[in-house]
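Engineer: I have a structure here, written as structure tokens, and I will follow up with some questions on it.
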Amino acid sequence: MDWEAILSNTASWLISPETIAYALAALGLAVHFGYGGLLNFGMAGFMALGAYGYAISILTFGLPWWAGILVGCLASVVFAFILGIPTLRLRADYLAIVTIAAAEIVRLLFTTQVFDAVTNSADGLGNYHEGFRAANPFPEGTYGFGPWTYNANGWWVRIFGIGLLIIAALLVWLLMRSPWGRVLKGIREDEDAVRALGKNVFAYKMQALIIGGIFGALGGVVFALPSAVVPSVYVTSLTFFIWTILLLGGAATVFGPILGAVIFWVIMGFLSNVLPAMASSGLLPFMSTTQAATLRFIFVGLALMLIVIFRPQGILGNKKELTFVKQ
Numbered sequence: 015m016d017w018e019a020i021l022s023n024t025a026s027w028l029i030s031p032e033t034i035a036y037a038l039a040a041l042g043l044a045v046h047f048g049y050g051g052l053l054n055f056g057m058a059g060f061m062a063l064g065a066y067g068y069a070i071s072i073l074t075f076g077l078p079w080w081a082g083i084l085v086g087c088l089a090s091v092v093f094a095f096i097l098g099i100p101t102l103r104l105r106a107d108y109l110a111i112v113t114i115a116a117a118e119i120v121r122l123l124f125t126t127q128v129f130d131a132v133t134n135s136a137d138g139l140g141n142y143h144e145g146f147r148a149a150n151p152f153p154e155g156t157y158g159f160g161p162w163t164y165n166a167n168g169w170w171v172r173i174f175g176i177g178l179l180i181i182a183a184l185l186v187w188l189l190m191r192s193p194w195g196r197v198l199k200g201i202r203e204d205e206d207a208v209r210a211l212g213k214n215v216f217a218y219k220m221q222a223l224i225i226g227g228i229f230g231a232l233g234g235v236v237f238a239l240p241s242a243v244v245p246s247v248y249v250t251s252l253t254f255f256i257w258t259i260l261l262l263g264g265a266a267t268v269f270g271p272i273l274g275a276v277i278f279w280v281i282m283g284f285l286s287n288v289l290p291a292m293a294s295s296g297l298l299p300f301m302s303t304t305q306a307a308t309l310r311f312i313f314v315g316l317a318l319m320l321i322v323i324f325r326p327q328g329i330l331g332n333k334k335e336l337t338f339v340k341q
């Protein structure tokens with residue numbers, strides 16, 4: 015096995031657009047579940063709306079790229095209202111079921127032939143990069159070092175995404191240390207007690223759903239910046255990966271989702287390289303390289319179970335603050 019190539023490919027995931035996008039979405043899920051106690055299993059829907067809102071606003075309406083990001087965020091706000099008004103009064107397990115269904119409805123709407131002229135149905139959307147790349151402040155060329163060597167557009171996507179992630183993390187850090195954040199954490203612990211103090215619990219939950227949804231939409235935008243928007247990406251497993259990242263880093267933390275995203279994608283990158291290499295070299299003689307590559311998803315499932323059993327607060331989480339919603 016070519017260990018130098020395997021380790022180089024693995025290291026490249028540290029600052030990949032996928033890692034940044036998942037970190038943003040996991041940060042939004044931290045607002046939903048870690049701080050607000052909302053058992054949201056529909057983050058893939060928020061990411062899809064962010065990505066499609068960005069692409070459609072550019073391709074169909076000719077808006078500039080920065081306005082496309084705003085449209086994607088606005089779409090997530092509308093989705094949060096549509097999803098939240100009938101569901102935020104539900105018990106946690108029912109909320110989880112509804113959010114899974116809502117995210118699937120969003121994905122299927124983008125694949126249907128009815129909106130083919132706008133969404134291009136199952137083929138997805140592409141060729142919307144011109145405006146964003148024209149705003150690239152980096153000089154043309156390929157530069158960097160080691161596995162982190164990219165062209166100007168590659169660096170522009172990564173730096174822009176990291177900038178969004180820093181701003182999002184700072185906003186969450188400030189919000190959760192404000193009176194609003196303390197009320198939200200109180201709702202997570204005992205919403206009846208907070209309601210008895212005269213607080214509008216529904217309004218706080220809705221605000222948390224909107225804020226976390228915007229972060230999810232920004233994650234969808236970053237995910238779409240270097241490539242294309244394809245509906246088959248925004249499936250239920252995407253949400254489960256984000257949950258794995260959140261629980262790995264720490265649900266009720268600001269930096270836990272970021273750390274979890276880095277660890278998750280580094281491990282996924284390593285396994286996607288080493289497992290097929292093991293199969294091709296005869297170390298896994300009973301598997302083809304394609305079958306060996308899919309083993310990494312089994313390991314992700316096992317890791318999620320082990321995290322919940324042995325380290326439910328995550329790497330950076332505080333066990334004293336941990337709570338699983340009991341409604």
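Basically my numbering = 1-based index in the sequence shown + 14.
Glycine included, each C-beta is placed from N, C-alpha and C at the ideal position.
So, residue 39 versus residue 138, is the Cβ gap smaller than 8 Å?
Structural biologist: No, the Cβ-Cβ distance between residue 39 and residue 138 is not below 8 Å.
Engineer: Could you spell out where the beta strand (DSSP E) holding residue 165 opens and where it closes?
Structural biologist: It spans 162–165 - the beta strand (DSSP E) in which residue 165 sits, taken as one unbroken run.
Engineer: Between 49, 231, 297, 325, which has its C-alpha nearest residue 36's C-alpha?
Structural biologist: Closest option to residue 36, Cα to Cα, is 231.
Engineer: Contact defined as beta carbons within less than 8 Å: I believe residue 67 pairs with residue 89. What is the distance between those atoms, to the nearest angstrom?
Structural biologist: About 4 Å separates the two Cβ atoms, so the contact holds.
Engineer: Throw me the rounded Cβ distance for the residue 31 and residue 147 pair, which I believe falls under 8 Å.
Structural biologist: With 8 Å as the limit, residue 31 and residue 147 do not qualify as a contact, their Cβ atoms being about 14 Å apart.
Engineer: Looking at C-beta atoms only, is the number of pairs between the stretch 250–261 and the stretch 43–62 that lie closer than 8 Å three or more?
Structural biologist: Contact between the stretch 250–261 and the stretch 43–62 is present, because at least three Cβ pairs lie under 8 Å.
Engineer: Can you check whether the CB of residue 98 is closer than 8 Å to the CB of residue 265?
Structural biologist: No.
Engineer: Smallest Cα separation from residue 84: which of 234, 165, 223?
Structural biologist: Considering only alpha carbons, the answer is 234.
Engineer: Just checking my contact of residue 357 with residue 283 at CB under 8 Å: how many whole Å lie between their CB atoms?
Structural biologist: Here the chain has residues from 15 to 341 only, and residue 357 is not among them.
Engineer: Going by beta-carbon coordinates alone, are residue 310 and residue 285 separated by less than 8 Å?
Structural biologist: Yes, these two residues count as a Cβ contact at 8 Å.
Engineer: Among the residues of its own chain, which have a CB less than 7 Å from the CB of residue 28, if the five just before and after it don't count?
Structural biologist: Once the five neighbours on either side are set aside, the close Cβ partners of residue 28 are 276, 280.
Engineer: Could you tell me whether the stretch 286–300 touches the stretch 221–229, using the rule of 3 or more Cβ pairs below 8 Å?
Structural biologist: With a cut-off of 8 Å, the stretch 221–229 and the stretch 286–300 do not count as touching, because too few Cβ pairs lie within range.
Engineer: Using alpha carbons as the reference points, say which of 288, 205, 195 lies closest to residue 44.
Structural biologist: Of the listed residues, the one whose Cα sits closest to residue 44 is 195.
Engineer: Apart from the five residues on each side of it in sequence, which residues of its chain come closer than 7 Å, Cβ to Cβ, to residue 78?
Structural biologist: Excluding residues within five positions, the ones whose Cβ falls inside 7 Å are 145.
Engineer: Apply the 10 Å Cβ neighbour rule to residue 319 and answer buried if 16 or more other Cβ atoms are within range, or exposed otherwise.
Structural biologist: With fewer than 16 other Cβ atoms within 10 Å, it is exposed.
Engineer: Might you give, ordered along the chain, the residues of its own chain that have their beta carbon closer than 8 Å to the beta carbon of residue 207, omitting 5 neighbours on each side?
Structural biologist: Counting only Cβ-Cβ distances below 8 Å, and skipping sequence neighbours, we find 200.
Engineer: In the DSSP output, which residue or residues are listed as bridge partners for residue 158?
Structural biologist: According to DSSP, which records beta bridges pairwise, residue 158 is partnered with 163.
Engineer: Mind checking who residue 243 pairs with in its DSSP beta bridge?
Structural biologist: Answer is 139.
Engineer: Would the beta-carbon of residue 34 fall within 8 Å of that of residue 236?
Structural biologist: Yes, these two residues count as a Cβ contact at 8 Å.
Engineer: Hey, how far is the Cα of residue 135 from the Cα of residue 128?
Structural biologist: Their backbone Cα atoms lie some 8 Å apart in a straight line.
Engineer: From which residue to which residue does the alpha helix (DSSP H) around residue 63 run?
Structural biologist: Per DSSP, residue 63 belongs to the alpha helix (DSSP H) from 57–73.
Engineer: Ignore the nearest five residues each way along the sequence and tell me which others in residue 153's own chain have a CB closer than 7 Å to its CB.
Structural biologist: Result list for residue 153: 166, in chain order.
Engineer: Between the Cα of residue 5 and the Cα atoms of 63, 104, 122, which residue gives the shortest distance?
Structural biologist: Absent from the model: residue 5. The displayed extent of the chain is 15 to 341, so no value can be given.
Engineer: Can you tell which of 270, 51, 213, 289 has the C-alpha that lies nearest to the C-alpha of residue 332?
Structural biologist: The option with the nearest alpha carbon to residue 332 is 270.
Engineer: According to DSSP, is residue 54 part of a helix, a strand, or is it coil?
Structural biologist: Residue state, collapsed to three classes: coil.
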